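A.B. asks: Pasting a structure below so you can have a look.
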Amino acid sequence: MEEKKLDINSIIGFVLIFGIMIYMFWQNKPTPEELEAQEKAEQEQVEAEKKAKEDNQTLVTTPADYTPTKDLDSIGLVQLKNKLGILAYSETLATGDDKTVVETDVFKLTFNHRGGYLSEVKLKQFVDYDSIPIYIIKDNNADFNLGFGTTDSRVINTRERYFQPTVSKNGENTIVSMKFKITESKFLEYRYELKPDDYMIDFSVKSQGMGDVINSSQSVSLDWKLKGYRHAKSISYENRYTDIHYEHDEGNTDYTGARDSEDDLNDVVWIGYKQHFFSSVLLTDAPFKSAKITTENLVEDEAVDTVYTKMFTSKIPLELKGGELNESMDWYIGPNDFDILNSYDRNLDEIVPFGWGIFGLINRYIFMPLFGFLGGFLPYGIAIVVMTILVKILLSFVQYKQFLSQAKMKILKPELDAIREKYKDNKMKAQQETMALQTKAGASPLAGCLPALIQLPVFYALFQFFPSAFDLRQKSFLWADDLSSYDTIANLPFNIPFYGSHVSLFPILAAIAIFFYMQLTTGQNMQSQPQQEGMPDMGKMMKYMMYFSPIMMLFFFNNYASGLSLYYFISNLISIGIILVIKNYILDEDKIHAQIQENKKKPKKQSKFQARMKQMMEQAEQQKQMQQKRKK
Numbered sequence: 107m108e109e110k111k112l113d114i115n116s117i118i119g120f121v122l123i124f125g126i127m128i129y130m131f132w133q134n135k136p137t138p139e140e141l142e143a144q145e146k147a148e149q150e151q152v153e154a155e156k157k158a159k160e161d162n163q164t165l166v167t168t169p170a171d172y173t174p175t176k177d178l179d180s181i182g183l184v185q186l187k188n189k190l191g192i193l194a195y196s197e198t199l200a201t202g203d204d205k206t207v208v209e210t211d212v213f214k215l216t217f218n219h220r221g222g223y224l225s226e227v228k229l230k231q232f233v234d235y236d237s238i239p240i241y242i243i244k245d246n247n248a249d250f251n252l253g254f255g256t257t258d259s260r261v262i263n264t265r266e267r268y269f270q271p272t273v274s275k276n277g278e279n280t281i282v283s284m285k286f287k288i289t290e291s292k293f294l295e296y297r298y299e300l301k302p303d304d305y306m307i308d309f310s311v312k313s314q315g316m317g318d319v320i321n322s323s324q325s326v327s328l329d330w331k332l333k334g335y336r337h338a339k340s341i342s343y344e345n346r347y348t349d350i351h352y353e354h355d356e357g358n359t360d361y362t363g364a365r366d367s368e369d370d371l372n373d374v375v376w377i378g379y380k381q382h383f384f385s386s387v388l389l390t391d392a393p394f395k396s397a398k399i400t401t402e403n404l405v406e407d408e409a410v411d412t413v414y415t416k417m418f419t420s421k422i423p424l425e426l427k428g429g430e431l432n433e434s435m436d437w438y439i440g441p442n443d444f445d446i447l448n449s450y451d452r453n454l455d456e457i458v459p460f461g462w463g464i465f466g467l468i469n470r471y472i473f474m475p476l477f478g479f480l481g482g483f484l485p486y487g488i489a490i491v492v493m494t495i496l497v498k499i500l501l502s503f504v505q506y507k508q509f510l511s512q513a514k515m516k517i518l519k520p521e522l523d524a525i526r527e528k529y530k531d532n533k534m535k536a537q538q539e540t541m542a543l544q545t546k547a548g549a550s551p552l553a554g555c556l557p558a559l560i561q562l563p564v565f566y567a568l569f570q571f572f573p574s575a576f577d578l579r580q581k582s583f584l585w586a587d588d589l590s591s592y593d594t595i596a597n598l599p600f601n602i603p604f605y606g607s608h609v610s611l612f613p614i615l616a617a618i619a620i621f622f623y624m625q626l627t628t629g630q631n632m633q634s635q636p637q638q639e640g641m642p643d644m645g646k647m648m649k650y651m652m653y654f655s656p657i658m659m660l661f662f663f664n665n666y667a668s669g670l671s672l673y674y675f676i677s678n679l680i681s682i683g684i685i686l687v688i689k690n691y692i693l694d695e696d697k698i699h700a701q702i703q704e705n706k707k708k709p710k711k712q713s714k715f716q717a718r719m720k721q722m723m724e725q726a727e728q729q730k731q732m733q734q735k736r737k738k
């Protein structure tokens, strides 16, 4: 192997390189002016850091209200200017995930210094189905960002910037100010004012001295996102009532429904992310001119232990006023309790889905006050039973009218069958004679249908009421540990489609009760309904319904609120009792038959409707006869 040696050429090369480097350093040494500018910049940096430290030491801290997780000694404010005079944006530098924690009677709020928004919201007075505290925001499930362009063609997103926190007191209220500072006189501020026992947070977004920073030719975009946490035992049931609600400037409210959606809104005064029993609502004093909202279902398989229900997003353009931001808003984060929402007088009670039209009116002005009154001194399960009894007593006259009509039709059935047999070749004539007999006897199929229709608004209103009643949440009764969710007497090792992996007892009891109720009512109807030639066998259809309805209830209500199943169980039991009393102690078929015969003897004046129907049937019969003659 040849031995490596340092020759004369290598030595000359090293000497030349060393000489060139010395020459370059000598040519680029700083001038006295540049040295002075550098020393001045370093001095300004030191003074800025000292000022930031002094500002942090002036924070008002009260043990009950403010608990910083770290001191702010490491936060410094650096102000830089380049040689061209273009403003370079200062940043508040923080180490790690610095946070400010503030507590009130109802909240534990954590403000992230990076982004200046709420990174954690705990509702102190509530827990979920598994006794875990209710968090609306936690573990990066939410985002609040302002995005805007700058006069030097940059893009600023506040979620990426550090804010300087200040906590102070205003009487009993706590004020949290988060400022993204350019200089001491140029900043963007999020201001939160918290009241001691209130779920409504006064919230504002304001800027100062930013007119020459924010590009006024572009809109400022407010982006608000939230992934709703699962809080209930049945995620499918909770997801059914999880959506976005909003109100237009005219006072009209609307909602997206449980489906995935993408909507463009105009002139909205609040947007609410509703999670069945809890909501996060952003309200504004001056309507947002436009907003784009989306909802996305995050539950792919209900049998899997899913953390989130839906993803909500809102994109709202904000207007500059005189080159500055000045948005006064409010933020409601709390329970969907009708009384609490209604107390703000801002139409937030529309978030509670009591139903539309007459159904909502029945719930708001009858069932809600009645249930609130009974729940004030009775356990909630007993309150449901008592309310059911009162409703059934109120509607008992309707059941009486319905059962009386069925009894009359049953007595007339032999005569009606005889008419159909006599005029079996002339259906029009058979219908005319049937109508005439029913009119004389004072019996009509409509007399039995109308009472049933009267009960429908009450039935549907209660169907809406129980899933929306916040007071039922986590209230126990008998074996049900939560009347707002399903009760469980057995867990299955497998999942039955449309039924679930558990067995609820209240739906079983309700299904049994409705089966016996339908036996009494449907059996009466089957005996009173005459069979018409060429028409479906109504008796068989009613018989199928008598078995089909309880099975449907058994499957449908297995994942529904046990309070609703309890209501239907008690309601059908009472209905069975009322019918038995009416049948055995009030109605006498012999007396009814005698009354019908008396009515048939009396001249019966036809109503305008009956006369019109008779005329139409006669005209139809004449046309039919003319057509038959032409064919011959």
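So in the numbering used here the end of the sequence shown lands on 738, straight run, no missing numbers.
For every residue, glycine included, the Cβ atom is placed at its ideal position computed from N, Cα and C.
Fair warning: this is a prediction, and the values are worked out from it, not measured in the lab.
Provide the residue(s) that pair with I281 in DSSP beta bridges, ordered along the chain.
C.D. replies: Here the question's residue 281 lines up with position 175 in the sequence shown. DSSP lists S274, E299 as partners of I281.
A.B. asks: Helix, strand or coil for L559 per DSSP?
C.D. replies: Here residue 559 is taken as the residue at index 453 of the sequence shown, counted from 1. Of the three classes helix, strand and coil, the one that applies to L559 here is helix, per DSSP.
A.B. asks: What three-state label does DSSP hand F286 in the structure shown?
C.D. replies: Within the sequence shown, the letter at position 180 stands for residue 286. Correct three-state label for F286: strand.
A.B. asks: In chain order, what residues of the same chain lie with their CB nearer than 6 Å to the CB of R297, ignoring the 5 residues before and after it?
C.D. replies: As a working mapping, residue 297 is identified with position 191 in the sequence shown. Excluding positions up to five away in sequence, the list reads S283, S310.
A.B. asks: With distances taken from CA atoms, which of I262, G669, F477, I242 is nearest D587?
C.D. replies: Taking the first residue of the sequence shown as 1, we reach residue 587 at position 481. Ranking the options by Cα distance to D587, first place goes to G669.
A.B. asks: Spatial neighbours of M659 within its chain, please: CB distance less than 8 Å, with the 5 preceding and 5 following residues excluded, ordered by chain position.
C.D. replies: For the purposes of this step, residue 659 is taken as residue 553 along the sequence shown, with counting starting at 1. So the list reads P613, A616, A617, I620, Y674, once near-sequence residues are dropped.
A.B. asks: Please name the residue or residues paired with D349 in a DSSP beta bridge.
C.D. replies: By 1-based counting over the sequence shown, the position of residue 349 is 243. According to DSSP, D349 bridges with K380.
A.B. asks: How would you call V687, buried or exposed, if buried means at least 16 neighbouring beta carbons within 10 angstroms?
C.D. replies: The residue labelled residue 687 in the question sits at position 581 within the sequence shown. Classification for V687: exposed.
A.B. asks: Just checking, does the stretch 559 to 570 make contact with the stretch 436 to 450 on the three C-beta pairs under 8 Å criterion?
C.D. replies: no
A.B. asks: Under 8 Å between C-beta atoms, does K287 make it to chain C?
C.D. replies: In the displayed structure, chain C is absent; only one protein chain is listed.
A.B. asks: If you draw a straight line from the C-alpha of T201 to the C-alpha of P485, how long is it?
C.D. replies: Here residue 201 refers to the residue found at position 95 when the sequence shown is read from its first residue. Here residue 485 refers to the residue found at position 379 when the sequence shown is read from its first residue. Residue placement at T201 is flagged as unreliable, the pLDDT there being 34, under the threshold of 50; the coordinate-derived value follows with that caveat. So the alpha carbons of these two residues sit roughly 52 Å apart.
A.B. asks: Compute the Euclidean distance between the alpha carbons of S259 and T400, then round it to the nearest angstrom.
C.D. replies: Here residue 259 refers to the residue found at position 153 when the sequence shown is read from its first residue. Here residue 400 refers to the residue found at position 294 when the sequence shown is read from its first residue. Taken atom to atom, the span from the alpha-carbon of S259 to that of T400 is near 30 Å.
A.B. asks: How long is the line joining the alpha carbons of N358 and D245, rounded to whole angstroms?
C.D. replies: On the sequence shown, residue 358 is found 252 positions in, with the first residue counted as 1. On the sequence shown, residue 245 is found 139 positions in, with the first residue counted as 1. N358 and D245: Cα-Cα distance of roughly 35 Å.
A.B. asks: Sorted by chain position, which residues of the same chain lie with C-beta nearer than 8 Å to T256's C-beta, five sequence neighbours on each side aside?
C.D. replies: On the sequence shown, residue 256 is found 150 positions in, with the first residue counted as 1. Same-chain partners within the cutoff: Y195, I262, V319, I320, N321.
A.B. asks: Kindly indicate which three-state DSSP category T257 falls into: helix, strand or coil?
C.D. replies: Here residue 257 refers to the residue found at position 151 of the sequence shown. Residue state, collapsed to three classes: coil.
A.B. asks: Which same chain residues end up closer than 8 Å to F473 when comparing Cβ atoms and leaving out the 5 residues on each side of it in sequence?
C.D. replies: Here residue 473 is taken as the residue at index 367 of the sequence shown, counted from 1. Excluding sequence neighbours, F473 sits near M493, A567, L568, F571.
A.B. asks: Residues in its own chain within less than 8 Å of I692 by CB, not counting five upstream and five downstream?
C.D. replies: Numbered from its first residue, the sequence shown carries residue 692 at position 586. Correct list, in chain order: Y506.
A.B. asks: Which residues in the same chain as K421 place their Cβ atom closer than 6 Å to its Cβ, once the five residues preceding and following it in sequence are excluded?
C.D. replies: Start at 1 with the first residue of the sequence shown, and residue 421 comes out as number 315. Cβ neighbours of K421 beyond the five flanking positions: D329, K398.
A.B. asks: Would you kindly work out how many angstroms separate the C-alpha atoms of E406 and Y605, rounded to a whole number?
C.D. replies: Sequence index remark: in the sequence shown, residue 406 carries index 300 (1-based). Sequence index remark: in the sequence shown, residue 605 carries index 499 (1-based). The alpha-carbon atoms of E406 and Y605 are separated by roughly 17 Å.
A.B. asks: Measuring only the C-alpha atoms, how far is F662 from T594?
C.D. replies: As a first step, residue 662 is located in the sequence shown; it is residue number 556 there, counting from the start. As a first step, residue 594 is located in the sequence shown; it is residue number 488 there, counting from the start. Going by the C-alpha atoms only, they are around 15 Å apart.
A.B. asks: Under a three-way DSSP split, which group does Y653 fall into?
C.D. replies: Start at 1 with the first residue of the sequence shown, and residue 653 comes out as number 547. Y653: helix per DSSP, three-state reduction.
A.B. asks: Starting from Y436 and walking both ways along the beta strand (DSSP E), at which residues does that stretch end?
C.D. replies: To locate residue 436, count along the sequence shown from 1; it is residue 330. Checking the sequence shown, residue 436 turns out to be Asp, not Tyr. That run of the beta strand (DSSP E) goes 432 to 441.
A.B. asks: Mind reading off the beta-carbon distance from K230 to N218? Whole number of angstroms is fine, and I expect it under 8 Å.
C.D. replies: As a first step, residue 230 is located in the sequence shown; it is residue number 124 there, counting from the start. As a first step, residue 218 is located in the sequence shown; it is residue number 112 there, counting from the start. In fact, because the Cβ distance is near 20 Å, the residues do not count as touching under 8 Å.
A.B. asks: Considering only residues of the same chain and omitting the five flanking positions on each side of E266, which have a CB-CB separation below 8 Å?
C.D. replies: Mapped onto the sequence shown, residue 266 falls at position 160. For E266, where only same-chain residues beyond five positions count, the Cβ hits under 8 Å are R220, G221.
A.B. asks: Can you name the residues that DSSP bridges to S385?
C.D. replies: Locating residue 385 in the sequence shown gives position 279, where the first residue counts as 1. DSSP, once it has assigned bridges, lists K380, G440 as partnering S385.
A.B. asks: Tell me the rounded alpha-carbon separation between G683 and F565.
C.D. replies: Your numbering for residue 683 matches position 577 in the sequence shown. Your numbering for residue 565 matches position 459 in the sequence shown. Linking G683 to F565 through their CA atoms gives a straight-line distance of about 19 Å.
A.B. asks: If you draw a straight line from the alpha carbon of V413 to that of Y335, how long is it in whole angstroms?
C.D. replies: Taking the first residue of the sequence shown as 1, we reach residue 413 at position 307. Taking the first residue of the sequence shown as 1, we reach residue 335 at position 229. Cα to Cα, the separation comes out at about 6 Å.
A.B. asks: From the DSSP output, which residues share a beta bridge with R220?
C.D. replies: Here residue 220 refers to the residue found at position 114 when the sequence shown is read from its first residue. Note: R220 is bridge-paired with Y268 in the DSSP secondary-structure output.
A.B. asks: Would you mind working out which of Q324, T264, L224, I238 sits nearest L300, comparing C-alpha positions?
C.D. replies: Position 194 of the sequence shown, counted from the start, is the residue given in the question as residue 300. Comparing Cα positions, the closest option is L224.
A.B. asks: Looking at the structure shown, is G182 part of a helix, part of a strand, or coil, going by DSSP?
C.D. replies: The residue given as residue 182 occupies position 76 in the sequence shown. Because G182 sits at a pLDDT of 35, beneath the cut-off of 50, its placement in the model cannot be relied upon, and the point is left open.
A.B. asks: In three-state terms, what does DSSP make of T210?
C.D. replies: Start at 1 with the first residue of the sequence shown, and residue 210 comes out as number 104. Three-state DSSP puts T210 in coil, outside helix and strand.
A.B. asks: Is DSSP giving Y343 helix, strand or coil here?
C.D. replies: Looking up residue 343 in the sequence shown gives position 237. In the three-state reduction of the DSSP assignment, Y343 falls in the helix class, which pools H, G and I.
A.B. asks: So, are the CB atoms of L332 and F254 less than 8 Å apart?
C.D. replies: Indexing the sequence shown from 1 puts residue 332 at position 226. Indexing the sequence shown from 1 puts residue 254 at position 148. No, these two residues do not count as a Cβ contact at 8 Å.
A.B. asks: Can you list, in chain order, the residues of its chain with a C-beta nearer than 7 Å to that of P563? Leave out the 5 residues immediately preceding and following it.
C.D. replies: Your numbering for residue 563 matches position 457 in the sequence shown. Only I464, F465, I468 meet the Cβ criterion.
A.B. asks: Should H337 and F384 be called a contact, given that it needs their Cβ atoms to be closer than 8 Å?
C.D. replies: Start at 1 with the first residue of the sequence shown, and residue 337 comes out as number 231. Start at 1 with the first residue of the sequence shown, and residue 384 comes out as number 278. It is a contact, given that the beta carbons lie within the stated cut-off.
A.B. asks: Excluding the 5 residues preceding and the 5 following G481 in the sequence, name in chain order all residues of the same chain whose CB lies nearer than 7 Å to its CB.
C.D. replies: To locate residue 481, count along the sequence shown from 1; it is residue 375. Correct list, in chain order: A489, D577.
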